[in-house]
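Read left to right, the sequence shown gives residues 201 to 557 (the working numbering).
Just so it is clear, CB atoms sit at the ideal spot from N, CA and C, and this is done for glycine as well.
Some notes on the structure that comes next.
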Amino acid sequence: MKKQLALYCHWPYCLSKCPYCDFYSMPCRSWDEAAFLKRYRAEIEALPAKREITSIFFGGGTPSLMPLTLTEGILNAVYTRFSVAQDVEISMEANPDAIDQEKMMVFKKLGINRLSLGVQALSDEALHFLGRRHTAETARRRIKEASAVFDIVSIDLMYARPGQTVRMWEAELKEALSFNLPHYSLYQLTIEDKTPFARRSLTMPDDETARDLFLRTINQMDRAGVPLYEVSNFARPGFECRHNQAYWRSQDYAGIGPSAHGRIGLTATENPRDVAAWLAGERFETELTPLEKEEERLLMGLRQREGIDATGISPTAVQSVLQKGWIVRKGNRICPTNEGLLMLNSLILDLWPQDPA
Ligand code: SF4
């Protein structure tokens, strides 16, 4: 059987820049499509061919702004170079104001079978605060349109916003659940360095409120049959995002496009956060040590409810986090509890591998 590979493709442009965002993205409405396609193709050609592609993820930025001919060109290059799994998952991120139903139908014809909509909030006031361009009404309409076109639709929502009470969030989540989607990405708003939000004096929810919001979110989603499977991701059973699971399970993935990362075995690749440098062919490659690989396995794997295999982890450290109530054991796996997810950084540190040297 061929080794499997997940493929991420980064598109760097958006209609405008949101004040909380630290992704490599910028407002832009024109680009050299031929140069982009040439570089994406060259990156695909450089990947090890004897692989089966199990997922493709167009992320960004706002990849639904990508010209359809470019999306098609990238997919053609992938299908020409690789064998592609019959049940391949092909995701596209989109913003409610950067896609319409006609475009959704073309994406579907191109093979995209999972749409992830950056809704972020279902209130105009919150959307305005977050610097989003769409209204709540547009978001609602796009969710319905997307559900009519795609079998798998996911929405992103951001909670723990300044001034948001538990009651307000529960009502918003209730409305989100009324769309009956198979997948939800629910993120707590965090203030990233060097973003416009970091320069404002925002009153964020205190730790107690953030904790309450997280636990109530898990309960509300559980009751609706959409349990948490990763610290910010919830899915009906069988609808987990397989592409993101490749990251969290430390499986091989390749990244093409500016700022994209890849991991194939111990080889880590990183593309420059600079379109011109990326178009010029710049790319960084390093070999991870087995210890660094193990550190990544913990960092990524413990975000998931399914946790990680305990092999190689100090039994004393495992016993200690078990006693703290941060994990449960399932066979040889250690799986974080809700408390463990709340204490994720401390949990990871407690289990951190020791350098034998
Ligand atoms: S649309 Fe998404 S990627 Fe673009 S600036 Fe806003 S949050 Fe960042």
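Heavy atom of ligand 1 less than 7 Å from the Cβ of residue i, yes or no?
{"i": "residue 228", "result": "no"}
Tell me, to the nearest whole angstrom, how far the beta carbon of residue i is from that of residue j; I am working on the premise that it is less than 8 Å.
{"i": "residue 228", "j": "residue 213", "result": "4 Å"}
{"i": "residue 293", "j": "residue 318", "result": "7 Å"}
{"i": "residue 544", "j": "residue 498", "result": "The pair is not a contact, with the Cβ atoms about 11 Å apart (cut-off 8 Å)."}
{"i": "residue 443", "j": "residue 257", "result": "4 Å"}
{"i": "residue 508", "j": "residue 439", "result": "About 22 Å separates the two Cβ atoms, so there is no contact after all."}
{"i": "residue 363", "j": "residue 218", "result": "Residue 363 to residue 218, Cβ: 18 Å. No contact."}
{"i": "residue 446", "j": "residue 206", "result": "4 Å"}
{"i": "residue 335", "j": "residue 324", "result": "6 Å"}
{"i": "residue 540", "j": "residue 526", "result": "4 Å"}
{"i": "residue 204", "j": "residue 420", "result": "Rounded, the Cβ-Cβ distance is 34 Å, inconsistent with contact."}
{"i": "residue 370", "j": "residue 341", "result": "With 8 Å as the limit, residue 370 and residue 341 do not qualify as a contact, their Cβ atoms being about 23 Å apart."}
Under 8 Å, Cβ to Cβ, is there at least one residue of chain B near residue i?
{"i": "residue 208", "result": "In the structure shown, chain B cannot be found, because there is only a single protein chain."}
What are the boundary residues of the alpha helix (DSSP H) that residue i is part of?
{"i": "residue 379", "result": "That residue, residue 379, is in no alpha helix (DSSP H); it is neither H nor E in DSSP."}
{"i": "residue 554", "result": "Unbroken run through residue 554: none, as it is neither H nor E."}
{"i": "residue 305", "result": "301-310"}
{"i": "residue 414", "result": "407-423"}
{"i": "residue 521", "result": "515-523"}
{"i": "residue 278", "result": "268-281"}
{"i": "residue 542", "result": "538-542"}
Looking at the unbroken beta strand (DSSP E) that takes in residue i, where does it start and where does it end?
{"i": "residue 203", "result": "203-211"}
{"i": "residue 238", "result": "Not the beta strand (DSSP E): residue 238 falls in the alpha helix (DSSP H), residues 233-245."}
{"i": "residue 258", "result": "251-260"}
{"i": "residue 391", "result": "Run containing residue 391: none; DSSP gives neither H nor E here."}
{"i": "residue 428", "result": "428-430"}
{"i": "residue 217", "result": "Neither: residue 217 is in no beta strand (DSSP E) and is coded neither H nor E."}
{"i": "residue 529", "result": "527-530"}
Looking at ligand 3, does it come within less than 7 Å of residue i, judged from the CB to the closest heavy atom?
{"i": "residue 380", "result": "For ligand 3, the structure offers nothing, since it holds only ligand 1."}
Problem set entry | Those residues, in chain order, that have a beta-carbon closer than 5 Å to some heavy atom of ligand 1 | 214, 217, 218, 221, 223, 225
Problem set entry | Continuous alpha helix (DSSP H) assignments of at least 4 residues falling wholly in the stretch 433-509 | 442-448, 475-479, 490-501
For this session: Pick out the complete alpha helix (DSSP H) segments inside the stretch 296-377, 4 residues or longer, and give them in chain order.
Result: 301-310, 324-329, 336-349
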